[in-house]
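Counting from 1, position 15 in the sequence shown corresponds to residue 63 in the numbering used here; the numbering is continuous, with no gaps.
Idealized CB from N, CA, C, for every residue including glycine.
Small disclaimer: the values here were computed from a predicted structure and weren't measured.
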Amino acid sequence: RLLFGTSGDGGARPLDLPVEAHSAAAERRFELQGHRFEAAPEQLRQPRLVRVGLIQNKIPLATDAPVTEQVTALHERIKEIVEVAEMCGVNVICFQEAWTMPFAFCTRERLPWTEFAESAEDGPTTRFCQKLAKQHNLVVVSPILERDAAHGETLWNTAVVISNSGSVLGKSRKNHIPRVGDFNESTYYMEGDRGHPVFETQYGKIAVNICFGRHHPLNWLMYSLNGAEIIFNPSATIGKLSESLWPIEARDAAIANHCFTCAINRVGTEVYPNPFTSGDGEPAHHDLGYFYGSSYVAAPNGSRTPGLSRTHDGLLVAEMDLNLCRQVSDKWNFKMTGRYKMYAEELAAFVQPNFVPSVIRE
Ligand SMILES: NC(=O)NCCC(=O)O
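1. Does the distance from the CB of ASP361 to the CB of LYS106 come in under 8 Å?
2. Which one of LEU92, HIS184, SER213 and THR162 has the shortest CA to CA distance from ASP196?
3. Taking the C-alpha atoms as reference points, what is the distance between GLU201 and GLU157?
4. Just checking my contact of TRP204 with GLY243 at CB under 8 Å: how many whole Å lie between their CB atoms?
5. Considering only the alpha carbon of each residue, which of LEU289, THR317, GLY316 and VAL209 lies closest to ILE431?
6. By a C-beta neighbour count over all protein chains shown, 10 Å radius and 16 as the cutoff for buried, is GLY386 buried or exposed?
7. Compute the beta-carbon to beta-carbon distance between SER283 and GLU145, rounded to the nearest angstrom, for a pair I have assumed lies under 8 Å.
8. For HIS83, I'd like the list of residues in its chain whose CB is within less than 6 Å of its CB, leaving aside the five on either flank, ordered along the chain.
9. So is the beta-carbon of ARG156 under 7 Å away from any non-hydrogen atom of ligand 1?
10. Comparing C-alpha positions only, which one of PRO265, ASN267, CYS259 and SER272 sits nearest to ASN313?
11. Can you give me the Cβ contacts of ALA276 inside the same chain, cut-off strictly under 7 Å, excluding the 5 residues immediately before and after it?
12. Quick check: the Cα distance between GLN104 and ARG49, rounded to an integer number of angstroms?
13. As an exercise, report each continuous alpha helix (DSSP H) stretch of at least 4 residues that is fully enclosed by the stretch 148-224, in chain order.
14. Given that a residue counts as buried once 16 or more other Cβ atoms are within 10 Å of its Cβ, and exposed if not, what is GLN178?
15. What are the start and end residues of the beta strand (DSSP E) that includes ILE286?
16. Which ranges would you report for the beta strand (DSSP E) in the stretch 274-324 if only whole runs of at least 3 residues count?
17. Run through DSSP, which three-state label would ALA392 get?
18. Which residues have a Cβ closer than 5 Å to any heavy atom of ligand 1, listed in chain order?
19. Would you kindly check if the distance between the Cβ of LEU372 and the Cβ of ASN349 is under 8 Å?
20. Terminal residues of the continuous beta strand (DSSP E) containing VAL399?
21. What are the start and end residues of each continuous beta strand (DSSP E) run of 3 or more residues lying completely inside the stretch 56-96, in chain order?
22. List the whole-angstrom C-beta distance separating ALA133 from LEU273, where the pair is believed to meet the contact cut-off of C-beta under 8 Å.
23. If you check the beta carbons only, do LYS222 and GLY261 fall under 8 Å apart?
24. What residue from GLN250, GLY229, ASP230 and ILE225 has the CA that sits closest to MET238's CA?
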C-alpha cells in the first residue's frame, strides 16, 4: 500500500496484454509487464487513454566489437521489442539513455566512443526511428549521443522526439551533467541549451528529463510548467550509486508536478577493453558498475507500477488516463499554491554575485 500507492484513489492495476505478445516476448527473451492507471469518469471530457512503452536492454555485443556492428545489433534488438510494443497497442515508446552505444563515458577516452555520435535530425538512428514510428504508428523518444555539425561538431546528450507520422518533432538536451563517481560525462558534452521543451503529440504533451536531471526537482518543474503530462526519464545508473534513490525520485516528481513520469534504466554490466581509474585511490577497473534496470511508471496520485527486472531486458506497457493529471491537480492544487513569484525573485537574487543568504541571527 505504501510502496506502490494503492490506497484510496486507485493504484496501478494489471493490464491484460495479448497472448501472442507474451509468447513473442518469451521467444525474444525479454520480460513483458502490463499495468494501467484509471481516472474517475468526467461529464465533460472523455477518458484520454494513452499506452506508453518503456524499454530497458543490455548491450547485445561486446564493447570492442566494430562500432557499426554494435549500433546495428542494438537497432535489431530494439526493433524486435518495438514489434511486441505494437501488439500491445503502445502509442508512445521511450528507450534508455544513449541507447545506441555502451555507456562508455566512464572511460574518458575519445575513440571509438565519439564515433557513436549522430545527427539528431537525419542520422542513421533517427532515420531508423522514423521508420519504426511510421510503421508501428507510435511516437518514439530516442535518446542518443548527438553530433551537432552546424555548431562546430559539438556533442550533446539528446533525446530526439519522432511523431507517429514519422516526422522529427524536435529534440531535448540533457540539462544536468553528472560529475559523480565514474560518470565523467562532462568530458564529452556540456549542459543542454534548449530549456525545457514539451512536445505536443497525438497522445498528449510529453517531455524528456534525461537521467541526472532526475535529481533536480526544478528541472522536472520546468517541464511541468510548460504543460507536460508525461515526463520520460531515460537513464543509465548503477546500483552502488543510486538504487536507493531510484524508487523515490521519479515517483516524487509525478506527485509534485501532477503528471506521469517514466523512469528507464539500463541493465547489466558493460566491460571496457582498457582499465580506467576513478580518482578515488581504488584500483583501476574495466566496468562502471551494475546497471540495475527496474524501470517503472509513476502517476500523479503517487501510485506506481512495479519495476521491470534488475537483470533482464524488458518492455513495460502502462495505460494511463491523462485526465488523472487535472483531477489530482484540482485536488492538491500544487500549481495554485506554489509561490512561483516569490521563488523567482529569490532565485534571481541567489544567482547574483552579491547574493547574501537570508539568515537571521541573534
Ligand atoms: N547518466 C547519468 O546521468 N548518470 C548519473 C548517475 C545518476 O544520476 O544516478
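With the given structure in hand:
1. Taking the sequence shown and counting its residues from 1, one reaches residue 361 at position 313. Taking the sequence shown and counting its residues from 1, one reaches residue 106 at position 58. Going by C-beta atoms, ASP361 is nearer than 8 Å to LYS106.
2. Start at 1 with the first residue of the sequence shown, and residue 196 comes out as number 148. Distances from the alpha-carbon of ASP196 to those of LEU92, HIS184, SER213 and THR162 put THR162 closest.
3. Taking the first residue of the sequence shown as 1, we reach residue 201 at position 153. Taking the first residue of the sequence shown as 1, we reach residue 157 at position 109. Between GLU201 and GLU157, the C-alpha separation is close to 17 Å.
4. Translated into positions along the sequence shown, residue 204 becomes position 156. Translated into positions along the sequence shown, residue 243 becomes position 195. With a Cβ gap of about 14 Å, TRP204 and GLY243 do not count as contacting.
5. In the structure displayed, the chain extends from 49 to 410; residue 431 sits before or after that span and is not available.
6. Along the sequence shown, read from residue 1 onward, the residue named residue 386 stands at position 338. That one is exposed.
7. Residue numbering aside, residue 283 sits at position 235 when the sequence shown is read from its first letter. Residue numbering aside, residue 145 sits at position 97 when the sequence shown is read from its first letter. The pair is a contact, with the Cβ atoms about 5 Å apart (cut-off 8 Å).
8. As a first step, residue 83 must be located in the sequence shown, where it is residue number 35. Excluding residues within five positions, the ones whose Cβ falls inside 6 Å are ALA60, LEU63, THR353 and ALA366.
9. Start at 1 with the first residue of the sequence shown, and residue 156 comes out as number 108. No, since every heavy atom of ligand 1 falls outside the 7 Å radius drawn around the Cβ of ARG156.
10. Taking the sequence shown and counting its residues from 1, the one referred to as residue 313 is at position 265. Residue CYS259 holds the alpha-carbon nearest to the alpha-carbon of ASN313 among PRO265, ASN267, CYS259 and SER272.
11. Numbered from its first residue, the sequence shown carries residue 276 at position 228. Excluding sequence neighbours, ALA276 sits near VAL246, LYS253, ILE254, ALA255 and CYS307.
12. Numbered from its first residue, the sequence shown carries residue 104 at position 56. Numbered from its first residue, the sequence shown carries residue 49 at position 1. Distance between the alpha carbons of GLN104 and ARG49 is about 26 Å.
13. 172-184
14. Taking the first residue of the sequence shown as 1, we reach residue 178 at position 130. Under this definition GLN178 is a buried residue.
15. Within the sequence shown, numbered from 1, the residue matching residue 286 stands at position 238. Per DSSP, ILE286 belongs to no beta strand (DSSP E) and is neither H nor E.
16. 278-282, 308-312 and 315-324
17. Counting from 1 along the sequence shown, the entry for residue 392 is found at position 344. In the three-state reduction of the DSSP assignment, ALA392 falls in the helix class.
18. PRO226, PHE231, CYS259, PHE260, ALA284, THR285 and SER290
19. Taking the sequence shown and counting its residues from 1, the one referred to as residue 349 is at position 301. Taking the sequence shown and counting its residues from 1, the one referred to as residue 372 is at position 324. Yes. Within cutoff.
20. The residue given as residue 399 occupies position 351 in the sequence shown. Segment: none, VAL399 is in no beta strand (DSSP E) and carries neither H nor E.
21. 79-85
22. To locate residue 133, count along the sequence shown from 1; it is residue 85. To locate residue 273, count along the sequence shown from 1; it is residue 225. Contact doesn't hold; Cβ gap of about 30 Å is too wide.
23. Indexing the sequence shown from 1 puts residue 222 at position 174. Indexing the sequence shown from 1 puts residue 261 at position 213. Contact flag set, yes.
24. For this step, residue 238 is matched to residue 190 along the sequence shown. Ranking the options by Cα distance to MET238, first place goes to ILE225.
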